[in-house]
Amino acid sequence: MSLIRLFCSIYLIFAHITYLKMRDYPIPDNELQRLAALKRYNILDSLPDNAFDDATKLVSYICGVPIAHISFIDENRQWFKSEIGVGVSEVPREISFCNYTIMDTKMVEISDTHLNETFKNDPNVTGGFNVRFYAGVPLTTPDGYNIGTLCAVDHVVKELDDNQRNALSIVAKHVMAQLELGTKNYELYTQRKIAERAVLAKDNFLANMSHEIRTPLNAIIGFTDLLDQTDLDNVQQEYIDNVQIAGENLLIIINDILDLSKIESGNLTIESQPFNLKRTLKHVYNLLKVKVQKDVEFNLYLDADMPDNVIGDQGRLNQILVNLVGNSLKFTQEGEVTVSVKRIEENENNYKLRFSVKDTGIGIPKNKLKTIFERFTQGEESTTRTFGGTGLGLNIVKQLVELHKGEIHVKSELNRGSEFFFFLTYKKADIPKTPVKSISKNDLGSLKILLCEDNVLNQRLVRSVIQNFGFELDVASNGEEGIELLAQNKYDLVLMDLQMPVKDGYQTTDYIRSEMNSSIPIIAMTAHSLVGEQERCFKVGMNGYVPKPFKQSVLLKAIKTAMTEEVDTKRKRIVDFSFLDEMSSGDEDFKKEMINLFLEKIPNQVAELNEAFKNDNHDAVKKLAHNMKSSLDIFMLEDLSQCASIIEEEASKNQFSTEILDKINILHCGIAEVVKVLKEL
Amino acid sequence: MRIILAEDNDILRKSLSFFLESKGFSVDQFSDGKDALDAIENTDYNLILTDINMPGISGMEITQYVRETLQSDIPIIILTSSGVEQTELDSFDLGANEFIAKPVSPAVLLVRINKLLNKRV
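From first to last, the protein sequence lines stand for chains A and B. Counting in the working numbering, the first sequence runs without a single skipped number right up to 682 at its last residue. Counting in the working numbering, the second sequence runs without a single skipped number right up to 122 at its last residue.
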């Protein structure tokens, strides 16, 4: 404080020497805090703002004056946030009238400066702005600091009436409110940034933790599985069973946490795939039958009218039911647990079904019924100790049901039992899903498989499992090694870990597909199991996806699927020359000429089509698709010709739906395959 | 027998010409409707085989010009990949003799050509 004063005094002495007419100006007692308060608003040297300009205009209108301004006073200048008739952006503090206004708590009004002792010799009165009339209201912060002023100035003598004075004070208050709002907005913005960073950190943490936990768990569950298949005595068998149950429970908990984070981030989507509803329910029943306590009867009632096949998310229905039924079985010591499903509505497209899980268990107290679906809530605090559980299950169930646009309710009476029931609407399935053709292990013959995986435990686990299947396995510790092995030997399939040093699974797959031009089936094996990862795997060209810890049956199924699909695509891309043969009447040279013409034209046309599509050039897309269709017909590529037709049709309507991008991609890929086949002739 | 073939897809046009030539026809081929029409005006053809969608002049316009302006009753076969019924109706309306949907079966095309040419003989 005294330092500032000292500084000011020294400065003023110099000022006096330089400008003889310069006068001393008062400095508020709380100058230091006042300046700090001003800094808080970050208003100095900010860009023009309509809100302030409007307020300045208002002052000019209200008082009928040619000069009005909103200004802020810092150590050595008066800076104009907004002004009318001033014409400069700042003036040195020593020539500012407002030095007096910020000393006051209320408005300073000088009707005639010529009659005012303090101002009559002021350079801005005798010259400069020719100030004759001055009215200034201090801009006071909520904590009482005058950081600036709102002023009306005229060249003639004037006196404001009470309404005008009142209005000026009100405008000043609004200006201050505006400033406050600005700082509040800025604070909110910073808070939001902090919150967003925290959410991101949490997501990353969850992803990493789940990865870190899943990797060793993968080894535990996998090796236990293998150990279980060896000769064990009774005691050992019991130990192994316990380890298995504990491992699986741990996995459920991790999956619950992951699911919650996915639901929270909006990354969990409900699939629409045809599935067999009755079989799903029986599967859940069989799965949980083993957990039924000896005095409990476990029933599954299916309504006779219930549809066999529907379109929806089988996995999530499974999850909901396993959770609810698991709970009921856990909390029921005697009596019965009944799962029933009823069709309650049917229209042209949908079935509405009521699923119910009813038990004669411990029940839920009335006052807990409302909160039972909340996170980390169980009926009683002691429940966790007696029955275990994370308290996440019902919350996930509720969110899953709601993601299905369904609703879930609970009825319960303490010590009598509970009923959880929910309603889901499923689309009707047109065609009953053809059962997947099951291939026995032998159908695949002896496969030679390459595993790219850096974790030694997992390498050993996969090796044991693969050898159990009767296949041969080579192991690479990273993508780079994998590529080398792939270049040297012939493999039927690659199992690819995603997180590896040197080259990760994505990069390796990309290299195999684009550099090596190999279409060898690749199955991703990952402990991540995060949303979007699966899509990313398929995008980069992988054929399958197995989350870790993996079940042997799941891995085998993925291998079978990948192997049979491979065969299918190969079969699909056999080009049929019968049309061309008929045209050429068996003339091989002519046939060859036509093939060369096709090879020469079609890749360019694909590129042009892509380009035209990107540029939204409907006409060009239409013409290209039309022309390509004729070429594709000659090689009897019906599916691709169909694509071209759809593209042409859509383009004639001058609009592109999202389907078109898909069709263009299919066309693109299909043609690439055909070109490859034709070039190899 | 001399046939004019107007089709903008190179592979299809060349294949069709090759096929028809192997069956003993003489074929003049054009990928542009305008060029085809010029040839029709200056040459004595026995049959016109034309695609609808082509750069320059469409097959419909060629048909219309031949019937209305040239007042010729030369057999005209229109090829098209359009599955729209109206296209077929319009073709006949303008005076086309045959309408063949793509993909064109060479055998069917040959039968139709022969039928049209024999009728005139």
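All C-beta atoms, glycine included, are put in the ideal place defined by N, C-alpha and C. A quick note: this is a predicted structure, and the numbers were derived from the prediction, not measured.
Contact holds between the stretch 262-280 of chain A and the stretch 396-414 of chain A, because three or more Cβ pairs, one in each stretch, are under 8 Å apart. Interface residue (Cβ-Cβ distance to chain A less than 8 Å): Ser27 (chain B) is not classified as such. With a contact defined as Cβ atoms closer than 8 Å, Ile524 (chain A) and Tyr507 (chain A) miss out at about 14 Å. Proximity of Ile635 (chain A) to chain B, defined by a Cβ-Cβ separation below 8 Å, is satisfied.
Under the Cβ criterion (8 Å, minimum of three pairs), the stretch 192-212 of chain A counts as touching the stretch 253-261 of chain A.
For Asp360 (chain A), the enclosing beta strand (DSSP E) starts and ends at Asn351 to Asp360. In this structure, DSSP gives Asp304 (chain A) a state outside helix and strand, which the three-state scheme calls coil.
Counting the other CB atoms within 10 Å of its CB gives Leu415 (chain A) a total below 16, which places it among the exposed residues. Note that the C-beta distance between Cys453 (chain A) and Met517 (chain A) is not below 8 Å. Inter-residue distance for Asn396 (chain A) and Leu288 (chain A) is about 22 Å (C-alpha atoms, whole angstroms).
Classified as buried, Val126 (chain A) has 16 or more neighbouring CB atoms from the shown chains inside 10 Å of its CB. Under the DSSP assignment, Thr141 (chain A) falls outside any alpha helix (DSSP H), being part of the beta strand (DSSP E) whose first and last residues are Phe134 to Thr141.
Between Lys491 (chain A) and Lys449 (chain A), the gap from beta carbon to beta carbon is short of 8 Å. Rounded to whole angstroms, the separation of the alpha carbons of Asn205 (chain A) and Asn43 (chain A) is 35 Å.
When beta bridges are read from the DSSP output, Cys152 (chain A) appears opposite A:His70 and A:Gly137. By the beta-carbon neighbour count (other beta carbons within 10 angstroms, threshold 16), Gly128 (chain A) is exposed. Here Ala173 (chain A) has Val138, Leu140 and Leu151 as same chain residues with Cβ atoms under 7 Å from its own Cβ, once five neighbours each way along the sequence are excluded. Going by beta carbons, Lys593 (chain A) and Phe578 (chain A) fall outside the 8 Å limit. Chain-ordered, the chain B residues with CB closer than 7 Å to the CB of Phe599 (chain A) read Ile12.
Annotation for Val28 (chain B): no alpha helix (DSSP H) segment contains it, though the beta strand (DSSP E) segment containing it runs Ser27 to Phe31. Here His70 (chain A) is buried: its Cβ has 16 or more other Cβ atoms, across all protein chains shown, within 10 Å. Rounded to the nearest whole angstrom, the CA to CA distance from Val200 (chain A) to Val503 (chain A) is 30 Å.
Contact holds between the stretch 612-629 of chain A and the stretch 645-661 of chain A, because three or more Cβ pairs, one in each stretch, are under 8 Å apart. When the Cα atoms are used, Tyr240 (chain A) and Asp234 (chain A) turn out to be separated by approximately 10 Å. Contact with chain B is found for Lys630 (chain A), since one of that chain's Cβ atoms lies less than 8 Å from the residue's Cβ. Between the stretch 413-430 of chain A and the stretch 340-354 of chain A there are three or more C-beta pairs closer than 8 Å, enough to call the two in contact. Residue-level contact check: Ser653 (chain A) does not touch chain B, since none of the beta carbons of chain B fall below 8 Å from its beta carbon. For Asp52 (chain B), the three-state secondary structure derived from DSSP is strand.
DSSP places Tyr507 (chain A) in the helix class (H, G or I) of the three-state scheme.
The C-beta of Asn115 (chain B) comes no closer than 8 Å to any C-beta of chain A. Thr510 (chain A) sits away from Met526 (chain A), with the two beta carbons spaced by 8 Å or more. The secondary-structure analysis by DSSP pairs Arg68 (chain B) with nothing; it has no beta-bridge partner.
The DSSP assignment places 147-155 as complete runs of the beta strand (DSSP E) inside the stretch 147-210 of chain A, in order along the chain (cut-off: 3 residues). In this structure, DSSP gives Leu451 (chain A) an extended state, which the three-state scheme calls strand. Considering only A:Lys194, A:Tyr146, A:Asp296 and A:Pro67, the residue with the shortest C-alpha distance to Gln34 (chain A) is A:Tyr146. In this structure, the beta-carbon distance from Leu499 (chain A) to Asp505 (chain A) falls below 8 Å.
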